[in-house]
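**Q**
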Amino acid sequence: EEGRLLVVKEWRDDERGARVPAAQWKLPGGMLDRGESFEAGACREVLEETGVRTTFTSLLAFWHRHGLQWGKSDLYFVARLRPTSSEIRIQEDEIADCKWMPLDEFVRTQDHPLILAVCRRLYGFTREGLADDTSSRLGSRGYAPVAQLVEEGVQWPGRQPFPTYFGTAVELSE
Numbered sequence: 001e002e003g004r005l006l007v008v009k010e011w012r013d014d015e016r017g018a019r020v021p022a023a024q025w026k027l028p029g030g031m032l033d034r035g036e037s038f039e040a041g042a043c044r045e046v047l048e049e050t051g052v053r054t055t056f057t058s059l060l061a062f063w064h065r066h067g068l069q070w071g072k073s074d075l076y077f078v079a080r081l082r083p084t085s086s087e088i089r090i091q092e093d094e095i096a097d098c099k100w101m102p103l104d105e106f107v108r109t110q111d112h113p114l115i116l117a118v119c120r121r122l123y124g125f126t127r128e129g130l131a132d133d134t135s136s137r138l139g140s141r142g143y144a145p146v147a148q149l150v151e152e153g154v155q156w157p158g159r160q161p162f163p164t165y166f167g168t169a170v171e172l173s174e
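Heads up: the sequence shown begins at 1 in UniProt numbering, then just goes up one per residue.
(1) I need the DSSP call for L32, collapsed to helix, strand or coil.
(2) In or out: residue 201 buried (at least 16 other Cβ within 10 Å) or exposed?
(3) Under 8 Å by Cβ, that's how I've got G51 and I90 pegged, so tell me the actual separation to the nearest angstrom.
(4) Quick one, which of S58, R16, V107 and W63 has its alpha-carbon nearest E152's?
(5) Checking 8 Å against the spacing of the C-beta atoms, do F125 and D104 come in under that value?
(6) Within 10 angstroms of its Cβ, does P145 collect 16 or more other Cβ (buried), or is it exposed?
(7) Counting only the same chain and skipping the five closest in sequence on each side, list residues whose C-beta sits under 7 Å from that of F166.
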């Protein structure tokens, strides 16, 4: 919202086993509960970790990695949420710090490969600055991505619709 990201620093254990804040800022997030939608899970995780209430707008990107610990796979989704409150109240047992960070500052100072790719490809932000055409993506509610994945129910005959996400160009008024 307004060209800012809500970012958190999680707690981690250092080499001596002491609990310290992580070096990097990241987006709030976590695992979906069984049967939970992307929309509900994204909003729930942000609320639990930061105290900020949000509404789901769209999915922006995702990655999948396989062969992780215990033979599991990781599916990591980046959601576009719109805040309906802004007061931060962190979940102190998981989160060391939380703040609203300008998009350009995140790109200049952080190293998360997926979030940097989203900032570059969908918003035009690079470490060198804004792409020439990025200022045209600035609307009254902040920067709009050039595209997003929007949910639209697909239904087999005689069955309930199920959420399906399609790439969609974003109008600046969104």
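In this text, a Cβ means the ideal position worked out from N, Cα and C, and glycines have one as well.
**A** Based on what the coordinates show:
(1) Along the sequence shown, read from residue 1 onward, the residue named residue 32 stands at position 32. The answer is coil: DSSP assigns L32 none of H, G, I, E or B.
(2) Look at the range of the chain in this structure, 1 to 174, and you will see that residue 201 is not part of it.
(3) Within the sequence shown, residue 51 is the residue found at index 51, counting from 1. Within the sequence shown, residue 90 is the residue found at index 90, counting from 1. Sure, about 7 Å apart at Cβ, within 8 Å.
(4) Counted from its first residue, the sequence shown places residue 152 at position 152. Minimum Cα distance to E152 is reached at S58.
(5) Residue numbering aside, residue 125 sits at position 125 when the sequence shown is read from its first letter. Residue numbering aside, residue 104 sits at position 104 when the sequence shown is read from its first letter. Closer than 8 Å, so yes.
(6) Reading the sequence shown from its first residue, position 145 is the one you call residue 145. That one is buried.
(7) For the purposes of this step, residue 166 is taken as the residue at position 166 of the sequence shown. L149, V150 and E152.
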